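K.L.:
What follows is a single structure, and I will ask about it in a moment.
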Amino acid sequence: MATLPKRTLGRTGLEVTLLGYGTMELRGPPRGRDVSPEQTGRILNAVLDAGINFVDTSIDYGQSEECIGRFLSHRRSEYFLASKCGCAVGESSQPLGALPHVYTRENIVAGVEQSLRRMRTDRLDLVQVHGSPTRRILEENGAVETLLDLKRRGKVRFIGMSSTLPDLRDHVAMGVFDTFQVPYSALDRSHEEAIREASTAGAGIIVRGGAARGAPVLESPSGRHGEAWQRARLDEILPLWMSRMEFIVRFTISHPDLDTAIVGTISPDHLQQNLEAIARGALPADLHAEACRRLREAGSAPAPG
58 MATLPKRTLG RTGLEVTLLG YGTMELRGPP RGRDVSPEQT GRILNAVLDA GINFVDTSID
118 YGQSEECIGR FLSHRRSEYF LASKCGCAVG ESSQPLGALP HVYTRENIVA GVEQSLRRMR
178 TDRLDLVQVH GSPTRRILEE NGAVETLLDL KRRGKVRFIG MSSTLPDLRD HVAMGVFDTF
238 QVPYSALDRS HEEAIREAST AGAGIIVRGG AARGAPVLES PSGRHGEAWQ RARLDEILPL
298 WMSRMEFIVR FTISHPDLDT AIVGTISPDH LQQNLEAIAR GALPADLHAE ACRRLREAGS
358 APAPG
């Protein structure tokens, strides 16, 4: 098995695999599919067996933290563990509807302590503020000071932000976050330039949605992302041997400022397909340039600064 490429996660200095694993698919009912313990244990260990060393989770992802603790805690030295804070603390399965986020010191500390217990570890390598709150909300609640205190106490090693525009640029300007987790794919390029700005400021870049946002192309061609694919006429330039999903994954990792792309699945076969796509590397420069041109014309373009 080929060794997965690694990149340095910004100023953290952590050498993370270009393909990371996101655990949202393990969250279980009511927000996700029913996943058996056998399925969960099999996919989590397959992730580490494949050499992936970056695992991303959240309090909001239902049972995922407990699953990591149950099935991966004995292999803790093999991976970097990233979770979120600001999520509601308590039961692991929230009812349907908008998930609440609270950025007070009390809730952030309680959330980190809960995550440590659930995942059976003494530290989180990265804690990311979830929900992209505004700078004003962060400052009013003393959220950053709370996270820095947790860092001083050894509970967390680095702090990050799961961020989106328009707040991302404010978050970068604060100069306190070691990483940013940002949505990005061929079919949603709105954060393309903002990713570059955050990386230039020294932050590590974690991309989410680099494959999931392309899945509707395969499952529902009439959906928003499927329509974008059709408008861009990407099938015309796709090599005969390349699947649409491979194209989407390789387009994502073609962004030069990306450090790791987190992809979630419960299927070992899908995991293997993602590994094979990553192993083939970024898209050829001419194919990537033509895809960008067509996508821009079809409405998938970076948001203006």
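Residue numbers (the working numbering): 58 to 362.
We put the CB at the ideal spot given by N, CA and C, even for glycine.
The model shown is predicted, which means the values in this text are computed figures rather than measured ones.
1) Using the three-state DSSP reduction, which class does H204 fall into: helix, strand or coil?
2) What three-state label does DSSP hand A339 in the structure shown?
3) Per DSSP, what kind of secondary structure is A107 in: helix, strand or coil?
4) Which stretch, first to last residue, makes up the alpha helix (DSSP H) that contains D227?
5) Over what stretch of residues does the alpha helix (DSSP H) that includes Q171 continue unbroken?
6) Bridge partners of T74, per DSSP?
7) Looking at C-beta atoms only, is the number of pairs between the segment 217-226 and the segment 334-343 that lie closer than 8 angstroms three or more?
8) Please look up how many angstroms separate the CB atoms of G143 and V112, rounded, as I've assumed it's under 8 angstroms.
9) Rounded to a whole number of angstroms, what is the C-alpha to C-alpha distance between L291 and E197?
10) Taking the continuous alpha helix (DSSP H) assigned at I252, which residues delimit it?
11) Within its chain, find whatever has a CB closer than 6 angstroms to the CB of R288; leave out the 5 residues flanking it on each side and keep chain order.
12) Are L83 and G267 touching if we call contact CB-CB under 9 angstroms?
13) State the Cα-Cα distance for the pair R64 and R90, rounded to the nearest angstrom.
14) From A263 to I165, what does the alpha carbon distance come to, in whole angstroms?
15) Taking the alpha carbon of V233 as the point to measure from, which residue in A346, E249, G259, A139 has its own alpha carbon closest?
16) Helix, strand or coil: which one does DSSP assign to H345?
17) From Q171 to S121, what does the alpha carbon distance come to, in whole angstroms?
18) So, with DSSP's three-state summary, where would you put T69?
19) Return the first residue and the last residue of the alpha helix (DSSP H) that G217 is part of.
20) Quick one: what's got a C-beta closer than 7 angstroms to R133's C-beta in the same chain, skipping five residues either side?
21) Using DSSP with H/G/I as helix, E/B as strand and the rest coil, what is T97?
22) Find out if the Cβ-Cβ distance for the pair D235, G261 is shorter than 9 angstroms.
23) Taking the beta carbon of G271 as the centre, do at least 16 other beta carbons fall within 10 Å, making it buried, or is it exposed?
24) Compute the minimum distance between the beta carbon of G143 and the heavy atoms of the ligand ATP, and state whether it is under 8 angstroms.
P.N.:
Well, looking at it:
1) Per the sequence shown, the amino acid found at residue 204 is Leu instead of His. Look at L204 here: in three-state DSSP terms it is helix.
2) A339: coil per DSSP, three-state reduction.
3) Shown here, A107 sits in coil according to DSSP, grouped into three states, outside any helix or strand.
4) Residues 225-231.
5) That run of the alpha helix (DSSP H) goes 162-175.
6) Partner(s): K63.
7) In the pairwise beta carbon analysis, the segment 217-226 is classified as not touching the segment 334-343: fewer than three pairs are separated by under 8 angstroms.
8) Between G143 and V112, the beta carbon gap of about 19 angstroms keeps them out of contact (Cβ cut-off 8 angstroms).
9) Their Cα atoms are separated by approximately 46 angstroms.
10) Under the DSSP assignment, I252 falls in the alpha helix (DSSP H) whose first and last residues are 249-257.
11) Excluding sequence neighbours, R288 sits near A355.
12) G267 sits away from L83, with the two beta carbons spaced by 9 angstroms or more.
13) Those two C-alpha atoms are separated by around 32 angstroms.
14) Looking at the sequence shown, residue 263 is not Ala but Ile. Taking the straight line joining both Cα atoms gives about 21 angstroms.
15) Of the listed residues, the one whose Cα sits closest to V233 is G259.
16) In the structure shown, H345 sits in a helix (DSSP, three-state: H, G or I).
17) Pairing Q171 with S121, the inter-Cα distance amounts to about 13 angstroms.
18) T69 carries a helical assignment under DSSP once its states are collapsed to helix, strand and coil.
19) Counting along the chain, no alpha helix (DSSP H) covers G217; the unbroken beta strand (DSSP E) around it starts and ends at 213-219.
20) Sequence-distant partners of R133 (beyond 5 residues in either direction) whose C-beta falls short of 7 angstroms from its own C-beta, in its chain, are T178.
21) Under the three-state reduction of DSSP, T97 is assigned to helix.
22) Yes, the pair counts as a contact, with Cβ atoms nearer than the cut-off.
23) Any answer about G271 is weak, because its pLDDT of 47 lies below 50 and its placement is not dependable; what the coordinates show is given next. Buried is the label assigned to G271, since at least 16 other Cβ atoms lie within 10 Å of its Cβ.
24) This structure lacks the ligand ATP, and indeed carries no ligand of any kind.
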